[in-house]
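Peer 1: Pasting a structure here, questions to come.
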Amino acid sequence: MSRDRFGILSTRQLRDVLEDEEKLCRMVQLSPQLQTLQLEREIILASNRKMAEDNLNLQPQLDDKKLHLARKYQELQEVTAVYEDKRTKLAAYLERYSPKTALEILQREAVKTEEESEEITDTFLAGKVSLESFLERFHRTRKVCHMRKTQVEKLQDLIKKDRKKNQQHVAHQRLEHRVASHNVAPRPQNGPTAHRLYQRSGFVPAIEVTSQAANPFSMPSPPPQSKNLPPLSSRERQPVVSRPNTPFTPQGLRSGLRMLGQLPIWTPRPFKLQQAHPVQKQPPYR
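The sequence shown begins at 1 in UniProt numbering and counts up one residue at a time.
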């Protein structure tokens, strides 16, 4: 029963409904809200029942997968044990038959053969064996001794070459790493920009001066200029200052800064002023 239906009932009827529990329960069960909740509950129960049935159907497959996983884990343990055993044997073989170990064994055998040949010689000198027996045993022993010495020398050369090759490889890798680190593009600097001074006559520039660098050559300061020019007589009486002739400041060159390797600029030869139309001399009047 909706709220509107309760609104049309009187107080006495409402009191009767509250006192009658059966009628109240029937009204609640017939309400649309409870009907909707019951329908949703039935749908959820049916879905859960279907999911449970599907899970029960997948139970045999799950058991088979568990058994398969257990077998694979057992195989993994067995393979791991075999791998550890073989790895230990391989490490022992490598340590036993490495080039250094083989070299040590060959050196010991060569020394042993050398001592054996000396013992044969001492026995022959003592007169305990005949000449034929001595020659046969001594020849065989010395042959083995020389073969082992040759093997020792060859193996030493191989070890040295291998060591040198490894060192060259390491040095080459370091050089490549250094070149790769130097090939990184430099960042722009915020400091003073360098201005390159180009020489005349197509020479390679020899000096690079920054905008904030100090001038290494002392430039003569110009004399103070006056507004009034001095008279001609005073100009003529001024002494001529002679400058020293140096390879970088030749005679006639007034610049205080000259660059290394620049050809000296000589002053042109003096020449006489010629008139455009020369005046011919007239003969004297007679």
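Glycine included, C-beta positions come from ideal geometry on N, C-alpha and C.
Every value quoted in this text rests on a predicted model; they were computed, and no experiment measured them.
Once DSSP output is grouped into helix, strand and coil, what is the label at Ser130?
Peer 2: Your numbering for residue 130 matches position 130 in the sequence shown. Looking at Ser130 - three-state DSSP - the assignment turns out to be coil, as it is neither helix nor strand.
Peer 1: Would you please state the rounded distance, in angstroms, between the beta carbons of Phe138 and Thr121? I believe it to be under 8 Å.
Peer 2: Along the sequence shown, read from residue 1 onward, the residue named residue 138 stands at position 138. Along the sequence shown, read from residue 1 onward, the residue named residue 121 stands at position 121. Yes, Phe138 and Thr121 are in contact; Cβ-Cβ is about 7 Å, under 8 Å.
Peer 1: Could you give the DSSP three-state label for Asn183: helix, strand or coil?
Peer 2: Here residue 183 refers to the residue found at position 183 when the sequence shown is read from its first residue. Coil at Asn183, not helix or strand.
Peer 1: Straight-line CA distance for Glu40 to Leu69?
Peer 2: Indexing the sequence shown from 1 puts residue 40 at position 40. Indexing the sequence shown from 1 puts residue 69 at position 69. Near 41 Å, if we compare the C-alpha coordinates of Leu69 and Glu40.
Peer 1: If you measure between the beta carbons of Leu34 and Val28, is that distance less than 8 Å?
Peer 2: Counting from 1 along the sequence shown, the entry for residue 34 is found at position 34. Counting from 1 along the sequence shown, the entry for residue 28 is found at position 28. Yes, they are a contact pair.
Peer 1: Between Phe124, Glu119, Ile105 and Pro60, which has its C-alpha nearest Gln156's C-alpha?
Peer 2: Position 156 of the sequence shown, counted from the start, is the residue given in the question as residue 156. Looking at the Cα atoms, Ile105 is the closest of the given residues.
Peer 1: For Ser133, count neighbouring Cβ atoms within 10 angstroms of its own Cβ and tell me buried if that reaches 16, exposed if not.
Peer 2: Stepping through the sequence shown from its first residue, residue 133 is reached at position 133. Per the 10 Å Cβ criterion, exposed.
Peer 1: Please report the residue range of the alpha helix (DSSP H) in which Asp16 lies.
Peer 2: Along the sequence shown, read from residue 1 onward, the residue named residue 16 stands at position 16. Unbroken alpha helix (DSSP H) run through Asp16: Thr11 to Glu19.
Peer 1: Hey, would you say Arg148 sits closer than 8 Å to Glu109, going by beta carbons?
Peer 2: Working through the sequence shown from its first residue, we reach residue 148 at position 148. Working through the sequence shown from its first residue, we reach residue 109 at position 109. Going by C-beta atoms, Arg148 is nearer than 8 Å to Glu109.
Peer 1: Which residue marks the beginning of the alpha helix (DSSP H) containing Leu69, and which one marks its end?
Peer 2: Working through the sequence shown from its first residue, we reach residue 69 at position 69. Gln59 to Arg96 is the span of the alpha helix (DSSP H), which, as asked, contains Leu69.
Peer 1: Using a threshold of 8 Å, state whether the C-beta atoms of Thr123 and Cys145 are closer than that.
Peer 2: Here residue 123 is taken as the residue at index 123 of the sequence shown, counted from 1. Here residue 145 is taken as the residue at index 145 of the sequence shown, counted from 1. Contact: no.
Peer 1: Per DSSP, what kind of secondary structure is Glu117 in: helix, strand or coil?
Peer 2: For the purposes of this step, residue 117 is taken as residue 117 along the sequence shown, with counting starting at 1. The question names Glu, but residue 117 in the sequence shown is Ser. Looking at Ser117 - three-state DSSP - the assignment turns out to be helix.
Peer 1: Measuring only between beta-carbons, confirm whether Leu56 sits less than 8 Å from chain D.
Peer 2: Checking the listed chains, one finds no chain D in this structure; it contains a single protein chain.
Peer 1: Residues in the same chain with beta-carbon distance under 8 Å from Leu103, minus the five sequence neighbours each way, listed in chain order, please.
Peer 2: What you label residue 103 is simply residue 103 of the sequence shown in a count that begins at 1. Val152, Leu155, Gln156 and Ile159.
Peer 1: Reducing DSSP to helix, strand and coil, say where Ser31 ends up.
Peer 2: On the sequence shown, position 31 is the one that residue 31 refers to. DSSP places Ser31 in coil when its eight states are reduced to three.
Peer 1: Cα separation between Leu175 and Tyr93?
Peer 2: In the sequence shown, counting from the first residue as 1, residue 175 sits at position 175. In the sequence shown, counting from the first residue as 1, residue 93 sits at position 93. Each residue's Cα considered, the two are about 36 Å apart.
Peer 1: Go through its chain and collect everything with a Cβ distance to Lys23's Cβ below 7 Å, but skip five positions before and after it.
Peer 2: The count along the sequence shown starts at 1 and reaches residue 23 at position 23. If we look at Lys23 and ignore the five residues flanking it on each side, its Cβ neighbours are Val17.
Peer 1: Measure the alpha-carbon distance for Asn245 versus Gln173 and round it to whole angstroms.
Peer 2: Looking up residue 245 in the sequence shown gives position 245. Looking up residue 173 in the sequence shown gives position 173. Residue confidence is low: Asn245 scores 49 on pLDDT, short of 50, so the model does not pin down where it sits. No coordinate-derived value is stated.
Peer 1: At the level of alpha carbons, what is the spacing between Val129 and Pro99?
Peer 2: Sequence index remark: in the sequence shown, residue 129 carries index 129 (1-based). Sequence index remark: in the sequence shown, residue 99 carries index 99 (1-based). Each residue's Cα considered, the two are about 39 Å apart.
Peer 1: Less than 8 Å between the C-beta atoms of Glu95 and Thr88, yes or no?
Peer 2: For the purposes of this step, residue 95 is taken as residue 95 along the sequence shown, with counting starting at 1. For the purposes of this step, residue 88 is taken as residue 88 along the sequence shown, with counting starting at 1. The answer is no: Cβ separation not under 8 Å.
Peer 1: Might you give, ordered along the chain, the residues of its own chain that have their beta carbon closer than 8 Å to the beta carbon of Gln107, omitting 5 neighbours on each side?
Peer 2: What you label residue 107 is simply residue 107 of the sequence shown in a count that begins at 1. For Gln107, where only same-chain residues beyond five positions count, the Cβ hits under 8 Å are Val152.
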